[in-house]
Each structure stands twice: as C-alpha cells, then as structure tokens.
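Written below as structure tokens is the structure these notes are about.
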Amino acid sequence: MGRSIRFYRTLGLDVPETPDEGHVDTFLPNGVRFMLDSEVVIRSFRPGWTRETGNQIALAFECASPAEVDDTYARVTAAGFSGEKEPWDAFWGQRYAQLRDPDGVPVDLYASL
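Each residue of the sequence shown is one higher than the one before, starting from 7 at the first, in my numbering.
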C-alpha cells in the first residue's frame, strides 16, 4: 500500500502519507472521493475476497495543458513507476499518456490540444 500511496502522491493527489488502519482517502478537486484500502481491510468485510486477474478498472486524470501531461508523466516515471505509453498527440485531439500504478491499474493522463 505504501508504494501505491507514493504513486498517487507523485501523480499529484493529496493522499495522506500514512494509512489509517489500512485505509487512506482524499477528495479530488471535483468532489470525487478517492480511496485506497489494503487487502487486509477488504478481507475484514469480504473474507472470501481474492485478487482479480486482469484489469478491473482504469483511471483517467484530466490535466490543465499538454505540458502538464508531459511533466506529470516525466515526474512519475522518474520516481521509478511504470510508464505504459509516453505522451503523444492522439488523433482525437488530446495530449495523452498512460501509466500503471503499483497494482497494475492503468492510469491515463490527458489534456486538450
């Protein structure tokens, strides 16, 4: 969980540095609540839970500008996290980049061109 916290803090989310009993959460600027739970916490209310194979979710974060896409991607990969696809100008009119969080969740960055 510590590596996930560091990833999302490096991405720019105001996630607490230390989990409170295996849980952290923060509110994004648009009011969406972002939460991370440890597997121990999940099993406390779903004892039979097992980690799924394959990707069950993908996240996408809008950046203020194409330069912010580039800067965020560079900052996160320089911190040792996985870059899936370097920033590019997508044919649909956005600067786009793809990362992977420590659990393998796809995390996209985008901004209008």
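For each residue, glycine too, the CB sits at the ideal point set by N, CA and C.
Keep in mind it's a predicted model, so treat the numbers as computed, not measured.
Under 7 Å between C-beta atoms of residue i and residue j
{"i": "G16", "j": "V82", "result": "The sequence shown places Thr at residue 16, not Gly. Yes, they are a contact pair."}
{"i": "F13", "j": "P93", "result": "no"}
{"i": "V113", "j": "L65", "result": "yes"}
{"i": "A117", "j": "P72", "result": "yes"}
Continuous alpha helix (DSSP H) stretch holding residue i: start and end
{"i": "F97", "result": "Here F97 belongs to no alpha helix (DSSP H), and DSSP marks it neither H nor E."}
{"i": "D77", "result": "72-84"}
Beta-carbon contacts of residue i that lie in its chain and below 8 Å, excluding the five residues immediately before and after
{"i": "H29", "result": "M41, L42, D43, S44, V47"}
{"i": "S10", "result": "L42, D107, P108, D109"}
{"i": "Y79", "result": "G89, E92, P93, A103, L105, L115"}
One or two residues paired with residue i in a DSSP bridge
{"i": "Y14", "result": "In DSSP, Y14 forms no bridge with anything."}
{"i": "D43", "result": "H29"}
{"i": "A103", "result": "L115"}
{"i": "G89", "result": "L105"}
7 Å Cβ cutoff, residue i in contact with chain D
{"i": "L17", "result": "Protein chains in the displayed structure number just one, and chain D is not present."}
Unbroken beta strand (DSSP E) run spanning residue i, endpoints
{"i": "E6", "result": "Nothing can be reported for residue 6, as the shown portion of the chain is limited to 7 through 119."}
{"i": "V113", "result": "112-118"}
{"i": "F67", "result": "65-68"}
Residues of its chain near residue i, where Cβ-Cβ distance is below 6 Å and the 5 sequence neighbours each way are ignored
{"i": "A84", "result": "none"}
Distance between beta carbons of residue j and residue i, contact taken as under 8 Å
{"i": "L115", "j": "F67", "result": "6 Å"}
{"i": "Q100", "j": "K91", "result": "Not confirmed; about 13 Å, so no contact."}
Own chain residues within Cβ distance below 7 Å of residue i, not counting five before or after
{"i": "A96", "result": "Y102"}
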